[in-house]
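Let me begin by presenting the structure, written as structure tokens, before commenting on it.
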Amino acid sequence: MNLDNLNTMFRPNSVAVIGATEEPGHPGAVLMRNLLASKFIGPVIPVHETLSSCFGLPVYREIDTLPLTPDLALICSEPETVPDYVLQLGRRGTAGAVIIGNGFADLPADVRAMLEGAILSAARRTDLRFLGPESIGFLSPATGINASLAHTGAESGRVAFVTESDSLFTSVLDWAGSRNIGFSHFISLGRKLDFGFGDLLDWLNADPNTRAVMLYVEEIGNARKFMSAARATARNKPLLVIKGGRTPEAAELLGRYSRRPQGLDAVYDAAFRRSGMLRVGDIDSLFDAVETIVRARPLKGERLAILSNGRSPGILVQDMLIGGGGTLARLTEETRTALMDLLAGEPGGPAKAFLDAENPVNITAHASPERYAEALKILLKAEGVDAVLVLNVPSPLVDGQDVARAVAGAARRAKRTVLASWIGGEHSQKGREILNEAGISTYWTPDKAVRAFLNLVHYGRNQDMLMQTPASLPTEFMPDTSTARMVVENALESGRSTLTVPEAMDVLDSYAVPVVETRLSGSPEAAEAAAREMGFPVALKVLSPDSFCKTRAGGVALDLDSPEAVREASAAVAERVAEAHPDCRVAGYIVQRMGRRPRAREVFVRASTDPVFGPYIHFGQGGADTEILRDEAMALPPLNMALARELISRTAVSHLLAGNRDQPGADLDALCLTLVKVSHIIIDIPEVQTLAINPLFVDQDGVLALDAEITIAPAQGEPGARLAIRPYPRELEECVVLPDGTRVTLRPIRPEDEPAHWEFLSRLSIDDIRYRFFGLVRELPRSEMIRLTQIDYDREMAFIATAEKPDAPGQTETLGVVRGMTKPDNSATEFAIVIRSDLKRKGLGRILMDKLIRYARARGTRFMIGEALLENKGMATLAERLGFEVKKNYDDDVYQFRLPLNPE
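Residue numbers (numbering that gives the first Met the number 0): 0 to 903.
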């Protein structure tokens, strides 16, 4: 699908209104009035089957008779006419349409589904893109157009708002107008039949008029497209989201409306976090957060200092900050001394002995604006302070406006974030205006200011997840995937949907997850024999096809140290389970070697499948009380060590795992590695639907799985298609031999390649750097290196060539890299290639280019394109040999390359 059409659609030069009328209350009349009242200067063309004029304009009855091809069509005619209008407009060459869907909501479900199918089919036969049905349009204030049913216009600004709610469209527009908030675009998606959040985010990401994007989301259709687009956008500009349907009851209501399964809110939350987005809870917070993020400098840390002209406001803010999970900065002795000297020197100020210049810093009500500014400068320079919140309560002794000017001056060149709250009503308004004009985010109330700071903290954490360099695995592990797959396939062939506990343990063992030895026994006698073979002591658990907590039901016996103890326990556990769950079926016994880890913490690891985002990983405090404690966090696979550690950090049990003076900390590397291994199981074996390890023992000696459950089902579609984030494509790895006999591995780049990539770039000549980056780059920012090594495999590919270092056996080095950036609509991919300067003319460039060409052709990309400086004759020669069309562009001093891959 053509994303270029969105440029024309949202910046049209001409608009046709299908179903235009002057009938009061009709959508056609509202659209005509809004278009004619807006600053849109292009022609507005009304279309109606019977009218001859509309608002003084001539009306056309047929699309074929229009005086020109409209860039945009607003369709508000009867539902049954819409498919034909879409087809006619598409054939005429119209770029986009908004289907208002007048009457769609009143149609029977089967009729509406039939019409929607016909509309989509008509659009696909041409190149037309459309919003809706049931969209109420859009506003693009930068181009002066109001192509919506909104009751008011919008000011021009740099923030885009995208919603799939009609009611929020109008209410947020009204809310923003009362606060003089402007927009680059304000868009209603409707039912997202043609395109939704993914395509729109891709377009807004490239829009120079949009500095930040806000979304109201109720449900996501294509999770992978959404994740790819959101991650790409969040790298370039702030992306904020508010999600409807957080509670099960609200999600059920949404499901009845959309007739689609609703995903878990916690999984949505994990997806938003993984995308680098900031999620907020309400519309007010949404606008406060975007203003703060756009204005504020990026936080270097999370420690906040509070400066106030009253003790009580500072204490209240301290409570709100700590209660919200924030960090109060600890002031050094040097900072405290400087503050005490400043405050004691204030005319009428308190004596040094009275002062305790701790954070929050109370500057006292009578402090002059100059002393206010000096105190702020001290805090902005203080070690251990990352941001300062300045509070001001009205004082009869000092003018708040003068204080605001002084604070604005002190913060003007500060490298750290300054937030402010001028508390009060109209008396404090002038001070707020002074600070806002100085670019300082200012809030009416302290709680809003604290919430804004915490939003900055959470946004920074989510951005760190996007930009982090994951640690390498602490140990190299080569999973025995074939054995694990054989266990699963055998179970499926026997008609089972659940693995036995020993089978589940075998799958874990195949991925080097430490497990206790486990046997199944069908009778007490068999359990006794298994215990003898295994060696004492053992644990005995009932085996049942029914779901219940074995420990709470009394179905577990531990530390059995003799055959007699096993025999007695067999009868006892069965009796206890029958008493607790009379309908429960006991099918036998599970016998396990006792895993003696007396000081271990119990955690759980689960993998399950969400109907929207596919597989997710669930971690938290384990044991019999897991469901009661509800100490848990979720993340989307694939996981690496850094992402696994971040997942653990969001649980309360992480503090226990850190250890204390009486108990050493747990081996977190082993726990992170286990989470990574579970992630690999979910990726490698798509038949696995759910996986649960509970309890998983963790201590200073590592991990040990005591129990596991795995459910399975035949895989549907491509192996990795169910994942919201495409994992590392290991199937694209291959080995080649250069003409000189050097063995080289070609593989997709990984985040862990960042250190080797620095070394690779350091070995490029000045000319090669200039050829690659179209200019002399003296130093590459680390953020750019992260972008080069952390890629979204769904829309970008970089193949690197690696070989073993001649002087360091077992270590590899990067020899060259070829990169392909694919357009979201897969119409073309733009390549860039660089070979280490001392390895030219060995055939590696051709090998890498051939690898990328094969990959792009296999994924259906239509063309490969590229550019090179006219001085780079070697690249032009290589391109010609590979079949590229090579042209010289003397205006830009570049070669232009184009290779058909899958032409229509």
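Every residue gets a Cβ at the ideal spot worked out from N, C-alpha and C, and that includes glycine.
Residue 423 holds the alpha-carbon nearest to the alpha-carbon of residue 441 among 45, 554 and 423.
Between residue 95 and residue 7, the C-beta spacing is below 9 Å. The beta carbon of residue 901 sits closer than 8 Å to those of 856, 859, 860 and 861, all from its chain and outside the five residues before and after it, given in chain order.
Counting along the chain, no alpha helix (DSSP H) covers residue 884; the unbroken beta strand (DSSP E) around it starts and ends at 884–888. In this model, residue 303 and residue 215 are separated by some 30 Å (Cα to Cα). The residue from 697, 379, 676 and 610 with its alpha-carbon nearest to that of residue 652 is 697. Scanning its chain for C-beta atoms nearer than 7 Å, with the 5 sequence neighbours on each side dropped, one finds around residue 220 the residues 191 and 195, in chain order.
Between residue 277 and residue 461 the beta-carbon gap is near 6 Å, inside 8 Å, which marks them as a contact.
Nearest Cα to residue 894 within the set 253, 870, 882 and 880: 870.
For residue 278, DSSP records a beta bridge to 240. Sequence-distant Cβ neighbours of residue 201 in its own chain, meaning closer than 8 Å and more than five residues away, are 2, 228, 231, 232 and 823.
Counting of Cβ neighbours within 10 angstroms places residue 719 among the buried residues, the total reaching 16 or more.
Here residue 503 is buried: its Cβ has 16 or more other Cβ atoms, across all protein chains shown, within 10 Å. For the pair of segments examined, the segment 289–298 was found to touch the segment 204–214: the number of CB pairs separated by less than 8 Å reaches three. Residues of the same chain with a CB within less than 8 Å of the CB of residue 40, apart from the 5 flanking positions on each side, are 143 in chain order. For the set 478, 452 and 759, the Cα lying nearest the Cα of residue 417 is the one of 452. Residue environment for residue 801: buried (at least 16 other C-beta atoms within 10 angstroms of its C-beta). In summary, residue 740 is exposed, with fewer than 16 beta-carbon neighbours lying within 10 Å of its beta-carbon over all protein chains present. Annotated three-state conformation of residue 215 is strand, per DSSP. Measuring C-alpha to C-alpha distances from residue 392 to each of 82, 443 and 852 identifies 443 as the nearest.
Residue 202 carries a helical assignment under DSSP once its states are collapsed to helix, strand and coil. Residue 621 and residue 628 have their C-alpha atoms spaced approximately 9 Å apart. Under the Cβ criterion (8 Å, minimum of three pairs), the segment 746–759 counts as touching the segment 788–805. The DSSP-derived three-state label of residue 75 is coil. The count of Cβ pairs closer than 8 Å, one atom from the segment 526–538 and one from the segment 480–500, stays below three, leaving the stretches out of contact. Rounded to the nearest whole angstrom, the C-alpha separation of residue 643 and residue 658 is 19 Å.
As the crow flies, the alpha-carbon of residue 282 is around 11 Å from that of residue 239.
Short of 6 Å from the beta carbon of residue 250, and not among the five residues preceding or following it, lie these beta carbons of its own chain, in chain order: 244 and 261. Fewer than three pairs of CB atoms, one per stretch, sit closer than 8 Å, so the segment 534–551 makes no contact with the segment 597–611.
Annotated three-state conformation of residue 477 is coil, per DSSP. If you look at residue 381, you'll find it isn't in any beta strand (DSSP E); DSSP assigns it neither H nor E. In the three-state reduction of the DSSP assignment, residue 583 falls in the coil class. The residues 747 and 792, in chain order, have a CB closer than 6 Å to that of residue 728 in the same chain once the five nearest residues on each side in sequence are set aside. Beta-bridge annotation (DSSP): residue 895 is paired with 866 and 886. Exposed is the label assigned to residue 246, since fewer than 16 other Cβ atoms lie within 10 Å of its Cβ. With contacts defined by Cβ atoms closer than 9 Å, residue 153 and residue 181 form a contacting pair.
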